[in-house]
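Below is one structure, written out as structure tokens, with a few remarks after it.
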Amino acid sequence: MLDNGGVNDAANQTAESVPGLPSTAPAREPRHGAASRLYPRVTSFRSRRGALTPKQQLSWDRTWPVIGRDVADEPLDATAWFGREAPLVVEIGCGTGTATALMAQAEPELNLIGIEVYRPGLAQLVQRVEHERIPNIRLLRGDAVDVLENMIAPASLTGVRVFFPDPWPKARHHKRRLLQPATLALIADRLIQGGTLHVATDHAEYAEQIAEVGAGEPRLTGLNDATGGDSARLAETALIGVERPVTKFESKAHRAGSAITELVWGKIGS
Numbered sequence: 006m007l008d009n010g011g012v013n014d015a016a017n018q019t020a021e022s023v024p025g026l027p028s029t030a031p032a033r034e035p036r037h038g039a040a041s042r043l044y045p046r047v048t049s050f051r052s053r054r055g056a057l058t059p060k061q062q063l064s065w066d067r068t069w070p071v072i073g074r075d076v077a078d079e080p081l082d083a084t085a086w087f088g089r090e091a092p093l094v095v096e097i098g099c100g101t102g103t104a105t106a107l108m109a110q111a112e113p114e115l116n117l118i119g120i121e122v123y124r125p126g127l128a129q130l131v132q133r134v135e136h137e138r139i140p141n142i143r144l145l146r147g148d149a150v151d152v153l154e155n156m157i158a159p160a161s162l163t164g165v166r167v168f169f170p171d172p173w174p175k176a177r178h179h180k181r182r183l184l185q186p187a188t189l190a191l192i193a194d195r196l197i198q199g200g201t202l203h204v205a206t207d208h209a210e211y212a213e214q215i216a217e218v219g220a221g222e223p224r225l226t227g228l229n230d231a232t233g234g235d236s237a238r239l240a241e242t243a244l245i246g247v248e249r250p251v252t253k254f255e256s257k258a259h260r261a262g263s264a265i266t267e268l269v270w271g272k273i274g275s
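Under my numbering, think of the first position of the sequence shown as 6, with each following residue one higher.
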């Protein structure tokens, strides 16, 4: 795995904007109708709210209108948004964006869209994109299933990343888990032929469930040992990089003795 080099999740030092992107008016928080869409009644994520720091708010006002959008019904034109045509990767639940930023910098040939609901987490990533001038990141705020259903075209994604989805450990909450058969089928539909799904979790029971669900999706085939494939050939068979930075969250899991399970599939057929 890539080392994050002790990089802080928040980048608070800058007032520079993303190069080559136009300046726009400050973004405003969505009102009643949009807010209810951001926080639907039953979700696979925990709804958390929090205020931005003054520096985060300034960065958000400058940069979010350029690199960020809220979930909507309009199909996404990624080529126009990024200003170039390139393989498209979606990261579901990008959090504060440590892995997102480092993987985008390691793969400048890819266009990367991070999906997240938690605004303060997005704000930290927005600051980092602005400070480090990362040109190949865009952000969508909302429910990932909503995004996949309404904004992403079939057979348009080269990769999907889902790192440490909420395990909802109580049995009565398992229905809230993101990686259910219907979601895997939706992801498979949005991947191009040969496209890669990369999942990581530190929850052993959830890892078993995810592996079972993935094995039951006929359009996905395992690429690493955990999914019945060959990890020794993973670099050859995956269309996107599968080396993840070690984030603060993952470091805590290691210290707690939790094993990290990586599950990687490729899409077969059309």
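Using N, Cα and C, we set each Cβ at its ideal position, and we do this for glycine too.
Cut-off 7 Å between Cβ atoms - residues of its own chain near residue i, not counting five sequence neighbours on either side
i, result
"Gly-221", "Pro-186"
"Ala-91", "Glu-114, Leu-115 and Asn-116"
"Thr-242", "Leu-228 and Gly-271"
"Thr-84", "Glu-90"
"Phe-169", "Ala-205, Thr-206, Asp-207 and Phe-254"
First and last residue of the uninterrupted alpha helix (DSSP H) at residue i
i, result
"Phe-87", "83-87"
"Arg-67", "59-72"
"Thr-105", "103-111"
"Ala-240", "239-242"
Residues bridged to residue i (per DSSP)
i, result
"Ile-5", "Examination of residue 5 is not possible in this model, given that the chain is present from 6 through 275 alone."
"Val-165", "Val-95 and Leu-202"
"Asp-75", "Arg-146"
"Lys-272", "Leu-225"
"Val-247", "Per DSSP, none; premise fails for Val-247."
"Glu-267", "Ala-205"
Buried/exposed call for residue i, threshold 16 Cβ in 10 Å
i, result
"Gly-274", "exposed"
"Asp-207", "buried"
"Glu-79", "exposed"
"Pro-174", "exposed"
"Lys-180", "exposed"
"Gln-198", "exposed"
"Pro-159", "exposed"
"Ala-261", "exposed"
"Pro-172", "buried"
"Ser-256", "exposed"
"Ala-56", "exposed"
"Arg-74", "buried"
"Ala-128", "buried"
Cβ neighbours of residue i in the same chain (closer than 8 Å, five flanking residues each side left out)
i, result
"Val-76", "Arg-42, Leu-43, Leu-145, Arg-146, Gly-147, Asp-148, Asp-151, Val-152, Asn-155 and Met-156"
"Gly-126", "Cys-99, Gly-100, Thr-101 and Gly-102"
"Ala-212", "Thr-206, Ala-231, Thr-266 and Leu-268"
Contacting residues, own chain, Cβ-Cβ under 6 Å from residue i (five flanking each side not counted)
i, result
"Ala-209", "none"
"Gly-233", "Gly-227"
"His-203", "Arg-166, Val-247 and Val-269"
Quick one: which unbroken alpha helix (DSSP H) runs of 4-plus residues sit fully inside the stretch 195-229? Chain order, please.
209-220
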